[in-house]
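Numbering (our numbering), first residue to last: 1 to 319.
C-beta atoms are modelled at their ideal positions from N, C-alpha and C, and glycine is treated no differently.
Note sheet for the following structure.
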Ligand code: SF4
Ligand code: SF4
């Protein structure tokens, strides 16, 4: 059964209910090259948003009341337009989320990122795929765990993750291999205890995200002969209770050139909004996006498996 057929009895044809968040992927340049990366990001990628595209996106945003801007990459901080995007979105009164890999703080020229984040009061969503050193280094490269802990400590020192500071620091977990994430609440408790006891690190929420079998993670699964098994696992754990909360129902995603997609995964698959019609964000009205049909595929089962998955973590509980 296709994903569209699977969700149809629950919500009918999948459509966007509204636009609560604009997710901006500023490009694929990253200081890391993680084995599970669905973006195929890395230090040699050249796709990076230009200042002109960033300005057009900001102009479009200014004409809407979309409350949240979610900036991702790659390592989004490496895009020259990054700080301008953050500052103007904040000046427009929008909440800004930055998807931050922590290790970028160790790269020359980016040491001041925690201070910049705090100064703009952005919400930091930091990837830390496990609290154990060996697992992080296996997925992200040697030394990544130590660099990540150092980055978390710097953020904590500025108030991030601390009660009453108003500076929110969330962590992102994704499984190392072809399995569903551990239940979010239980894992949060394990992360919190380990990070506090071992490193004195605190954070707000833990977001568990299911790996989507595209790009580099898909190649890894193919190499391991695990792709079919993983895709079946996701399909067999389809959970109708999370369909109404799928993130594509409330966000739009824009790429480094300004083209629009239903989510970052569709973006990576080149599935442009409107059956592939090439349209940039500034050619669309907000009303064109609310209610528009969502393009789906087999990869979508990652969002509905078990407790569900989104850029905001799990969507509920496994039925
Ligand atoms: S998973 Fe994140 S940190 Fe790792 S290569 Fe991809 S974008 Fe960079
Ligand atoms: S992959 Fe994207 S389009 Fe498919 S269900 Fe998930 S969020 Fe929606």
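Note on geometry: alpha-carbon atoms of residue 81 and residue 51 lie some 5 Å from one another.
If you check the C-beta of residue 32 against ligand 1, you find a heavy atom less than 7 Å away. For residue 302, there is no enclosing beta strand (DSSP E); the residue is part of the alpha helix (DSSP H) that begins and ends at 301-304. Taking C-beta separations shorter than 8 Å and ignoring five residues to either side along the sequence, the partners of residue 187 in its chain run 173, 181, 206 and 208, following chain order. The count of Cβ pairs closer than 8 Å, one atom from the segment 128-146 and one from the segment 155-167, stays below three, leaving the stretches out of contact. In the DSSP assignment, residue 261 is bridged to 253 and 272. The chain-ordered list of residues whose CB is nearer than 6 Å to some heavy atom of ligand 2 reads 246, 247, 248, 262, 263, 265, 266, 294, 296, 299, 300 and 303.
Note: residue 95 is bridge-paired with 68 in the DSSP secondary-structure output. Taking 3 residues as the minimum length, the beta strand (DSSP E) runs contained wholly in the segment 180-223 are 206-208, in order along the chain.
Relative to the Cα of residue 153, the nearest Cα in the group 68, 298 and 202 belongs to 202. When distances are taken from the beta-carbon of residue 39 to the heavy atoms of ligand 1, the shortest one is below 7 Å.
With fewer than 16 other beta carbons inside 10 angstroms of its own, residue 257 counts as exposed.
Distance from the CA atom of residue 306 to the CA atom of residue 178, rounded to whole angstroms, is 14 Å. Rounded to the nearest angstrom, the Cβ distance from residue 69 to residue 89 is 4 Å, consistent with a contact under 8 Å.
With respect to residue 71, residue 53 sits apart: the two C-beta atoms are not nearer than 8 Å. Per DSSP, residue 173 is one residue of the beta strand (DSSP E) stretching across 169-173. In this structure, residue 316 lies near residue 241, with their beta-carbon atoms less than 8 Å apart.
The three-state secondary structure of residue 133, taken from DSSP, is helix. Non-local beta-carbon contacts of residue 171 in its own chain, meaning distances under 6 Å to residues more than five positions away in sequence, involve 126, 128, 203 and 206 in chain order. Sequence-distant partners of residue 248 (beyond 5 residues in either direction) whose C-beta falls short of 6 Å from its own C-beta, in its chain, are 262, 263 and 294.
Per DSSP, the beta bridge partners of residue 15 are 293. Here residue 96 really is in contact with residue 123; their C-beta atoms are around 7 Å apart, less than 8 Å.
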